[in-house]
Amino acid sequence: MKRLGKPFTFLPAGNWLVLLVCLFIFSAGAVQAEPRALILKPFKQLSDESKECAACHKDKSPGIYQQWGRSKHFGANVGCYECHQAKETDIDVIKHENVNISVIVSPKDCAQCHNTEVEEFSQSHHSKAGQIMGSLDNMLAEVIEGALTFNGESPVAVNGCWQCHGSEVKVLSNGDLDPATWPNTGIGRINPDGSLGACTACHQRHEFSMVQARRPEACGKCHLGPDHPQKEVYEESKHGINFQANVDRLNLDSSKWIVGEDYDAAPTCATCHMSATRELPITHDVGDRISWTLRPAISEKVDAKALAQGKKVKPWQDRRRDMQAVCSACHGKPMIESFYKQFDSLVELYNEKFARPGKALMTVLAQEGLLTAQPFDEKIEWTWFYLWHHEGRRARHGAAMMAPDYTQWHGMYEVAERFYMELLPEFNEILEQAEHDGKTESVAKARAVLAGILESAEHLWFSGNEPDDVRTARKKAQAEFQKRYLGN
Amino acid sequence: MKRLGKPFTFLPAGNWLVLLVCLFIFSAGAVQAEPRALILKPFKQLSDESKECAACHKDKSPGIYQQWGRSKHFGANVGCYECHQAKETDIDVIKHENVNISVIVSPKDCAQCHNTEVEEFSQSHHSKAGQIMGSLDNMLAEVIEGALTFNGESPVAVNGCWQCHGSEVKVLSNGDLDPATWPNTGIGRINPDGSLGACTACHQRHEFSMVQARRPEACGKCHLGPDHPQKEVYEESKHGINFQANVDRLNLDSSKWIVGEDYDAAPTCATCHMSATRELPITHDVGDRISWTLRPAISEKVDAKALAQGKKVKPWQDRRRDMQAVCSACHGKPMIESFYKQFDSLVELYNEKFARPGKALMTVLAQEGLLTAQPFDEKIEWTWFYLWHHEGRRARHGAAMMAPDYTQWHGMYEVAERFYMELLPEFNEILEQAEHDGKTESVAKARAVLAGILESAEHLWFSGNEPDDVRTARKKAQAEFQKRYLGN
Amino acid sequence: MKRLGKPFTFLPAGNWLVLLVCLFIFSAGAVQAEPRALILKPFKQLSDESKECAACHKDKSPGIYQQWGRSKHFGANVGCYECHQAKETDIDVIKHENVNISVIVSPKDCAQCHNTEVEEFSQSHHSKAGQIMGSLDNMLAEVIEGALTFNGESPVAVNGCWQCHGSEVKVLSNGDLDPATWPNTGIGRINPDGSLGACTACHQRHEFSMVQARRPEACGKCHLGPDHPQKEVYEESKHGINFQANVDRLNLDSSKWIVGEDYDAAPTCATCHMSATRELPITHDVGDRISWTLRPAISEKVDAKALAQGKKVKPWQDRRRDMQAVCSACHGKPMIESFYKQFDSLVELYNEKFARPGKALMTVLAQEGLLTAQPFDEKIEWTWFYLWHHEGRRARHGAAMMAPDYTQWHGMYEVAERFYMELLPEFNEILEQAEHDGKTESVAKARAVLAGILESAEHLWFSGNEPDDVRTARKKAQAEFQKRYLGN
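Set out below in structure tokens:
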């Protein structure tokens with residue numbers, strides 16, 4: 001990685017380097033009256049080094065050359081060398097055609113010009129995505145699904161987890177990047193220079209196009225699939241429908257790109273989570289407008305963990321207010337507020353009816369020693385994981401972004417089936433075995449937890465103890481439906 | 001909701017209202033020699049009320065203002081007030097800047113100009129989608145997956161079911177719309193004025209663009225997912241492939257939009273189910289060209305229920321003839337007819353091999369009291385529901401629209417597994433328990449039903465009773481394959 | 001099917017036929033310095049027969065007429081008759097308006113002009129896709145999921161399998177095409193003239209557009225879904241993301257279409273598997289650049305089967321080299337080579353940890369007579385099939401094309417669950433039953449196979465026998481994660 005003088009200062013750095021001046025017209029305060037515009041003064045000419053790179057790579061890898069040719073970098077005389085140059089002492093420096101370069105361009109490098117963006121990004125949860133390496137998911141990759149067969153790493157982590165979360169890029173003794181850790185553009189990549197992140201996770205090489213990064217597919221690189229189908233959810237929503245129908249009218253190549261000013265036919269992921277509104281500047285801290293975290297088993301307000309730890313972070317109420325500022329470009333206040341009530345109601349229902357009870361069941365099993373210490377060697381552990389990590393998230397994300405099929409058929413319907421048809425029977429089986437093994441006291445404690453759950457109003461139906469009037473009303477409605485639709 | 005004089009008549013309605021004349025050049029008969037064109041005479045100028053709305057909303061919610069600015073409504077001087085005005089006595093009237101308006105614009109409102117479309121829509125199954133509220137699915141939402149925690153409604157219904165099917169919009173005592181029932185644009189919405197439907201389900205606010213509504217994503221708002229993946233099925237089909245490759249040539253913004261005249265590179269959902277052909281006018285009764293209903297457990301011809309009830313509806317043969325008129329824009333008669341034979345064969349196979357037997361098994365269990373009265377508290381109830389409601393529909397929809405992967409791997413493969421590996425074993429388990437409980441007679445009856453199924457030709461293989469010659473032929477073919485492909 | 005004189009020669013064929021000259025400037029060697037351009041000399045005018053066809057079909061099926069009007073065929077005066085003409089003796093000849101034609105245009109017909117493409121295609125695995133008819137999958141369609149109810153064929157095969165793999169098109173005694181076997185455009189179709197394939201599988205009628213065929217949706221007709229989600233995998237990958245963002249810049253309508261020369265913003269499926277590079281000509285043998293076959297339960301190098309049979313085919317190393325030539329248009333050598341190491345590592349891990357052990361378990365059950373001879377009548381057979389045919393392929397395809405969610409959550413995560421939570425318990429259940437039945441020796445043999453698997457390093461964790469240091473390290477990492485993210 002190169003260092004153009006000290007990061008975040010702008011000094012001439014030798015006779016080859018044209019003075020680069022980055023002017024940030026507006027400062028990066030959280031909420032501003034006017035959107036921030038970022039103006040970067042270009043180099044006067046392309047450096048001799050970059051000219052040399054280009055002369056050869058034009059033939060060797062014409063795609064890169066042409067992509068760069070379409071980029072804003074080209075217009076600003078920012079060439080290969082400006083980004084890839086490295087110091088003799090950089091851990092990942094290589095000699096290439098007698099020039100010190102590094103293959104990886106890290107956020108530290110990008111921050112030479114784009115310091116505000118990197119600063120914001122560094123505050124984000126995105127930048128910490130590499131912490132997955134110490135998580136349960138990582139154990140899945142290393143132990144349960146995989147094995148440490150590829151330079152001491154698990155191919156599942158290498159090809160799976162890390163491609164989104166980021167690897168810890170290692171330099172081999174011969175100077176090569178360890179192929180188990182690179183190629184990698186995971187958003188929380190731990191770079192050889194110690195910086196966190198990979199700007200190319202979203203801004204793909206070598207055009208770094210705004211249009212590409214603002215499209216929903218950019219986020220869909222990682223935010224899709226059975227466990228976090230944000231892309232699919234968006235596509236189902238009216239926002240996504242309007243995106244498809246109106247993509248040519250969105251002015252995706254406008255630098256300013258203020259919703260309600262530059263476009264209004266549809267929002268993309270970037271619109272709501274990052275981009276400028278009439279009141280707010282763009283931000284590269286993608287969690288900045290999120291009020292709930294729907295990631296964990298039990299949903300929390302996004303600042304809850306920090307508050308519990310005595311940390312001061314932007315309160316969820318402020319984040320929600322900022323998201324609502326986005327909505328207000330196209331929606332009236334009653335609609336926005338009522339939408340949030342609907343969304344909250346689903347999250348809370350999921351939390352109270354399934355997540356807390358499920359967690360309580362798993363906790364009492366663990367506390368009473370009715371599970372092995374080894375995760376994922378017992379069926380109920382997979383069951384619980386599917387419930388919250390897959391189906392429960394689908395339901396919550398569906399509600400968050402108005403995709404009813406994800407809320408219902410991909411979501412709550414499957415949550416309920418998992419809970420009643422798998423989690424409860426497997427819980428009971430464990431208790432039966434434990435009873436047989438003479439663990440009477442533990443079983444009694446676990447049974448009490450279960451009984452507490454099944455006696456709560458929302459679970460009474462399952463034991464056939466629903467109040468008579470409710471049952472009668474339901475049967476009547478059902479009979480009417482049967483007659484109307486099914487003729488029986 | 002406003003009332004411009006009496007609905008479906010065109011009277012001056014006060015000194016503020018320009019005479020609105022809706023001329024329908026062709027009447028709305030089922031089959032016509034020429035496609036119907038709908039000509040609406042615009043207002044001479046924008047009303048003072050709408051000018052006032054616009055002046056303020058231009059700043060407050062510029063998206064709406066701009067969307068409207070691109071709409072045909074703008075060109076016709078149909079402004080905010082023309083649609084949102086309300087009478088003092090309307091149940092959902094609110095005073096907004098001293099003007100009586102209602103937030104919801106219902107089909108009754110739209111019908112002031114677009115009466116033919118609303119009339120057609122009112123005939124459709126779409127308009128009755130809110131009847132789900134008395135169905136099994138609704139019990140799923142209210143009791144099994146959810147609970148009545150949000151203003152007496154279940155958040156699962158609010159965020160899930162109703163967003164497609166429609167809510168019953170309620171007005172709170174303070175005049176606000178009950179947030180448990182609105183925002184909602186479900187296609188069968190029950191509006192405060194008693195009308196059914198939400199035109200914005202497909203024609204999204206506030207541009208109401210034909211292009212948007214004619215694209216497949218519009219229908220994909222609801223017609224997608226594990227239980228009715230019409231969108232995914234279309235995307236796999238050659239029709240969907242050609243749509244992607246040719247969307248810019250489809251003249252989606254042509255008012256006439258007659259397949260075979262205005263476009264031919266690909267059909268969208270709208271083309272086949274609604275839009276004009278050289279012989280047929282457009283229709284907003286989307287079931288008008290459908291011959292099968294693939295929704296229920298056992299597929300039926302679409303008019304079967306009505307006939308059984310002595311009602312007179314358009315016969316399925318006529319509906320199929322009309323659909324084939326669409327096909328004929330691009331396909332020859334032999335292909336069209338042979339396609340329908342293929343499609344019918346799959347539906348009938350599904351019906352006879354899995355749906356009727358499955359239903360018979362469930363019915364005998366219920367009749368003999370071997371199931372509780374409570375739905376979804378026993379595993380086999382979920383199993384059967386998955387079989388017909390999810391996998392069985394996928395198979396049938398796949399065949400209906402030529403998406404082989406949905407017919408086979410998302411469909412019949414999973415139907416078969418569900419039937420043989422889940423439904424039958426769970427049925428047997430129930431009988432074993434019942435036998436143990438001494439219900440000998442009931443068990444005998446249920447066993448007889450099962451035996452009848454397993455002795456039928458298409459199920460003989462499962463008991464190892466396949467005729468020898470068939471087995472021999474199959475083994476030979478398999479051995480050849482193994483040799484050819486797998487080398488073992 | 002017509003025969004324009006002898007195939008692959010170009011003779012005047014009667015006074016109606018203009019001399020057709022096909023000049024192939026470059027020969028079709030495997031690797032060439034320059035990409036092959038194919039120049040076909042057009043007819044001087046449209047034939048009288050085609051004029052007559054067009055005059056009537058312009059009204060009867062205007063879509064076909066217009067599609068043809070946009071095609072290159074139109075410009076070259078290749079009309080309906082040039083492709084659809086048939087000889088009196090052709091098995092599928094029909095008299096249509098007093099002219100001998102056949103409905104099906106087979107690769108033999110297309111080869112009159114496009115002989116190189118058809119020759120290449122004939123070498124491909126694609127052309128042999130109809131061999132499925134002798135496979136296990138076919139038994140699924142005919143026996144397990146279906147029944148021979150449609151002209152002696154299974155509707156599941158007709159609507160499912162064959163629509164991708166190809167049917168054996170049969171001509172009924174009245175001259176009609178058997179509707180159970182046609183319409184069909186499966187890529188391995190067995191045509192009445194004995195030729196294999198259907199060019200319209202990818203080049204859709206009647207425009208035969210390059211743009212359409214080069215788009216990923218063309219391949220997605222069949223390469224999608226739970227068992228081979230190449231389309232979904234591509235869409236998740238950066239290649240697919242860039243396709244969406246840059247489709248208008250890809251010059252998809254350029255005849256030459258050389259990656260790195262004509263376009264570089266994104267590759268499509270065709271780019272990597274078929275299309276020209278600066279070193280390679282296009283090929284219609286889509287397996288030509290593939291090094292692994294990821295189709296079978298245990299992945300193999302693509303030439304392994306042929307080598308084992310003593311056949312000479314293009315070695316996998318050469319195929320990989322050619323694929324890397326594609327990559328090099330946009331990527332440097334270290335990246336390409338390291339990517340392949342990552343990909344290989346995943347395939348090998350899957351093979352060694354799950355595929356070989358799973359296969360060994362299934363094999364010992366079969367050998368010891370612990371399974372019936374009937375496939376798919378026992379749960380474990382479905383379990384194993386899901387593992388390799390669905391989930392195992394998803395994981396491998398995900399790694400092959402850089403879609404981490406498919407590698408992990410759609411792939412290895414589900415492979416692991418299937419293996420530990422279903423395959424192993426079902427295996428043990430079978431052994432318990434066999435033990436109960438007194439098959440002591442067989443059980444001992446099967447137990448030995450299982451023990452061998454569970455004692456291998458990568459499975460030790462499952463029996464709780466993971467070495468202490470590994471467990472300790474993992475628990476520490478997990479505790480750190482819990483603290484960091486979950487606060488407990």
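Just so you know, the sequences run in chain order W, E and U.
Here the first sequence is numbered in the working numbering, starting from 1 and rising by one per residue.
Here the second sequence is numbered in the working numbering, starting from 1 and rising by one per residue.
Here the third sequence is numbered in the working numbering, starting from 1 and rising by one per residue.
Glycine included, each C-beta is placed from N, C-alpha and C at the ideal position.
Taking a beta-carbon distance threshold of 8 Å, A147 of chain U counts as an interface residue toward chain E. The Cβ atoms of N98 of chain E and A86 of chain E do not sit closer than 8 Å to each other. By the Cβ neighbour-count rule, D253 of chain U is exposed, with fewer than 16 other Cβ atoms within 10 Å of its own. Here DSSP, grouped into helix, strand and coil, assigns V211 of chain W to helix. Using a CB distance cut-off of 8 Å, C272 of chain W does not count as an interface residue toward chain U.
Within chain U, P62 have C-beta atoms less than 8 Å from the C-beta of E261 of chain E, given in sequence order. Residue pairing from DSSP leaves W409 of chain E without any beta-bridge partner. By the CB criterion at 8 Å, M401 of chain U and P183 of chain W fall outside the cutoff. Any Cβ of chain W closer than 8 Å to the Cβ of K341 of chain E would place that residue at the interface, and such an atom is absent. Below 8 Å, too few C-beta pairs join the segment 221-232 of chain W and the segment 273-284 of chain W to call them touching: fewer than three. Under a criterion of Cβ atoms nearer than 7 Å, the residues of chain E adjacent to A218 of chain U are, in order, I241. Among the residues of the segment 158-174 of chain E, those with a Cβ less than 7 Å away from any Cβ of chain W are V158, N159, G160, C161, Q163, C164, in the order of the chain. By the Cβ criterion, the segment 330-347 of chain W is in contact with the segment 139-157 of chain E, since at least three pairs of Cβ atoms, one from each stretch, lie closer than 8 Å. When the beta-carbon positions are compared, G186 of chain U and A129 of chain U come within less than 8 Å of each other. Residue pairing by DSSP puts T293 of chain W in a beta bridge opposite W:E300. The Cβ atoms of A444 of chain E and L370 of chain E lie no closer than 8 Å to each other.
For a cut-off of 8 Å, the C-beta gap from G188 of chain W to G166 of chain W is around 4 Å, short enough to register as a contact. Taking 8 Å as the cut-off between beta carbons, none of the residues of the segment 458-479 of chain W comes near chain U. For the C-beta of T407 of chain W, the chain E residues within less than 8 Å are, from N- to C-terminus, V156, N159, G160, Q163. Secondary structure at F343 of chain U: helix, using DSSP grouped into helix, strand and coil.
The C-beta separation of V415 of chain U from L387 of chain U comes to about 6 Å, placing the pair in contact by the 8 Å criterion.
Looking from the CA of H331 of chain E, the closest CA among U:K58, U:G240, U:L46, U:L196 belongs to U:K58. Between the beta-carbon of I190 of chain E and that of E168 of chain E there is about 4 Å, and that keeps the pair under the 8 Å contact cut. Counting only unbroken stretches of 4 or more residues, the alpha helix (DSSP H) elements lying wholly within the segment 328-373 of chain E are 333-349, 356-367, in sequence order. For K60 of chain W, no beta strand (DSSP E) segment is defined; the enclosing uninterrupted segment is the alpha helix (DSSP H) at 48-60. Beta-bridge pairing by DSSP links I101 of chain W to W:Q85, W:I94. The DSSP-derived three-state label of E153 of chain E is strand.
Residue environment for P425 of chain U: exposed (fewer than 16 other C-beta atoms within 10 angstroms of its C-beta). Its Cα nearest to that of G392 of chain W, the residue W:R356 stands out among W:Q123, W:R215, W:M133, W:R356.
Within chain W, the residues placing a beta-carbon under 9 Å from that of V415 of chain U are E145, ordered along the chain. Shortest Cα-Cα distance from W409 of chain W to any of E:Q408, E:F385, E:S50 involves E:F385. Here E217 of chain E carries a helix assignment [DSSP, helix/strand/coil].
Here E145 of chain E carries a coil assignment [DSSP, helix/strand/coil].
Residue state for I190 of chain W is assigned as strand, using DSSP reduced to three classes.
One thing to note: H284 of chain W has its Cβ within 8 Å of the Cβ of F121 of chain W. Distance from the CA of A403 of chain W to the CA of E236 of chain W, rounded to the nearest whole angstrom, comes to 5 Å.
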